[in-house]
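Counting along the sequence shown from 1, when you hit position 243 you're at 242 in numbering that gives the first Met the number 0, and nothing is skipped either side.
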Amino acid sequence: MTVAILPSETVQYNELTGVSTVADVMATADEQVAHGDVDHFRAFPTGFSPLDDVLNGGLRPGDLVVLGGPSGVGKTIFSLQLARNIALMQRNSNVMYVCYEHDRWHLLMRLLCMESALLGHGDAALTLRRLHQIVAEAPAHHGLLDELREHNLYADVVAALERYASRLTLAKASGTMTTLDQIRSWVLHRLASGVPFFLVVDYLQKIPFDAPGLLQESEITTRITQGLKELALSAGIRILAIVAADRSGLQSRRVRLYDMRGSSAIQYEADVGIVINNKFSVVSREHIIYNPIQAQSMHNWVVFSVEKNRSGRSGVDLEFHLDAAHFCIEPRGDYVRDRLIDDRVTLE
0 MTVAILPSET
10 VQYNELTGVS
20 TVADVMATAD
30 EQVAHGDVDH
40 FRAFPTGFSP
50 LDDVLNGGLR
60 PGDLVVLGGP
70 SGVGKTIFSL
80 QLARNIALMQ
90 RNSNVMYVCY
100 EHDRWHLLMR
110 LLCMESALLG
120 HGDAALTLRR
130 LHQIVAEAPA
140 HHGLLDELRE
150 HNLYADVVAA
160 LERYASRLTL
170 AKASGTMTTL
180 DQIRSWVLHR
190 LASGVPFFLV
200 VDYLQKIPFD
210 APGLLQESEI
220 TTRITQGLKE
230 LALSAGIRIL
240 AIVAADRSGL
250 QSRRVRLYDM
260 RGSSAIQYEA
270 DVGIVINNKF
280 SVVSREHIIY
290 NPIQAQSMHN
300 WVVFSVEKNR
310 SGRSGVDLEF
320 HLDAAHFCIE
330 PRGDYVRDRL
340 IDDRVTLE
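So this is what it looks like as structure tokens:
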């Protein structure tokens, strides 16, 4: 597989390679703003606070964001919710979620559960078990969404989903067939509409790569990561890629960006590097020993460590409440004020 630069006629904001004086760049910027061509100046807010403050407004065209962490910590939950947030808030946009881990039906179920929780349904919020029960009890020739629309409690869930459903595309990917070229083709097809685009890849190391000879996994990861970054730059889109940790990283209490498989390329190519850890696993032992009740509640919190950020501050730790049963993260978080196991304390 070769990583090619996209043809100029098929991209949104592709800046021609070459040289320009600062004066020329200033003139071009003025002309673009004067003609209302400002989409490539705008950041897409993530919808998570204070993460957007740390990112200086959100995600920008050309950005490659990598998201790491241990297995089961909530990477897919956050990524799907982020895709949902951008599709909802950016009405003149297209969002695609490419998933190598789950089929489209399962992702839809997650979205329904998420919307139910975000609407404040509390204990009555939809879960996978409740949805499967509704499917099993649905009368003949009656669909799941029909059942939810007619339910007094869940009609608003479907209405919430329909607000962005036409702008969020779910792509079931294959670890043997869905190459980076295939992803690029999907992106180009949707870029033809001329609106800003956000792509999520779940996850990077599952993208198959065909190359002559035998390559080490680190070299394959390097080429895939470089290909995603080139796609982000040449097409002027925003990309978030989930990345898997290596064996030694999974055995440590706190996973860091350098623990990702193929970490050197991931650290170098990424514009933003975020690592999620369960708060209970990374908080200093003093908080666990002297306040065991509070320590138990930390199982339901995740720490977002912004370890790389080309648009602002890095080395910042944020915390968010995780509602795993409903595949949802509370969008309003805070800066971590407890001491973490690397003895860092991050204050606002």
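The beta carbon of each residue, even a glycine, is placed where N, CA and C say it ideally should be.
None of the values given here were measured: they were computed from a predicted structure.
Three or more Cβ pairs closer than 8 angstroms define a contact, and the segment 220-228 meets that threshold against the segment 265-284.
For the set F40, G35 and S48, the Cα lying nearest the Cα of D316 is the one of S48. Note on the segment 120-200: whole beta strand (DSSP E) runs with a minimum of 3 residues are 167-171, in chain order. Taking all protein chains shown into account, H141 has fewer than 16 neighbouring C-beta atoms within 10 Å of its C-beta and is therefore exposed. Following the DSSP letters along the chain, one finds N91 in no beta strand (DSSP E), marked with neither H nor E. Between the alpha carbons of L339 and V281 lies a distance of about 6 angstroms. For A33, the enclosing alpha helix (DSSP H) starts and ends at V21 to A33. DSSP places I206 in no beta strand (DSSP E); its state is neither H nor E.
Exclusion of the five residues before and after K74 leaves L66, G68, I241 and I275 as the residues of its chain whose Cβ lies within less than 7 angstroms of its Cβ. Within the same chain, D258 come within 8 angstroms of S247 by CB-CB distance, once the 5 residues on both sides are set aside.
If you look at G272, you'll find it in the beta strand (DSSP E) that goes V271 to N277. Note on R109: 16 or more other CB atoms within 10 angstroms of its CB, so buried under the neighbour-count rule. Per DSSP, the continuous beta strand (DSSP E) segment holding G67 begins and ends at L63 to G67. Annotation: the continuous beta strand (DSSP E) that includes L239 extends over R237 to I241. Going by DSSP, E114 is part of the alpha helix (DSSP H) stretching over R103 to L117.
Three or more beta-carbon pairs separated by less than 8 angstroms are not found between the segment 198-205 and the segment 116-126, which leaves the two stretches without contact. For the pair D155 and L179, the Cα-to-Cα distance works out to about 37 angstroms.
A42 has its alpha-carbon roughly 26 angstroms from the corresponding atom of L106. Within the same chain, and ignoring the five residues on either side of R331 in sequence, the residues whose Cβ sits closer than 7 angstroms to its Cβ are S48.
Under DSSP, S48 shares a beta bridge with R331.
Sequence-distant Cβ neighbours of I133 in its own chain, meaning closer than 6 angstroms and more than five residues away, are E146. DSSP places L230 in no beta strand (DSSP E) but in the uninterrupted alpha helix (DSSP H) bounded by E216 to A234. In the DSSP secondary-structure assignment, D322 is bridged to C327. Taken atom to atom, the span from the alpha-carbon of L239 to that of M95 is near 10 angstroms.
DSSP places E306 inside the beta strand (DSSP E), whose first and last residues are W300 to N308. Contact annotation: P195 and Q80 have beta-carbon atoms that are not nearer than 8 angstroms. By the neighbour-count criterion, in which 16 or more other beta carbons inside 10 Å mark a residue as buried, F40 falls on the exposed side. The residue from N91, K307 and H320 with its alpha-carbon nearest to that of R162 is N91.
Taking every protein chain shown into account, the CB of M113 has 16 or more other CB atoms within 10 angstroms, so this residue is buried.
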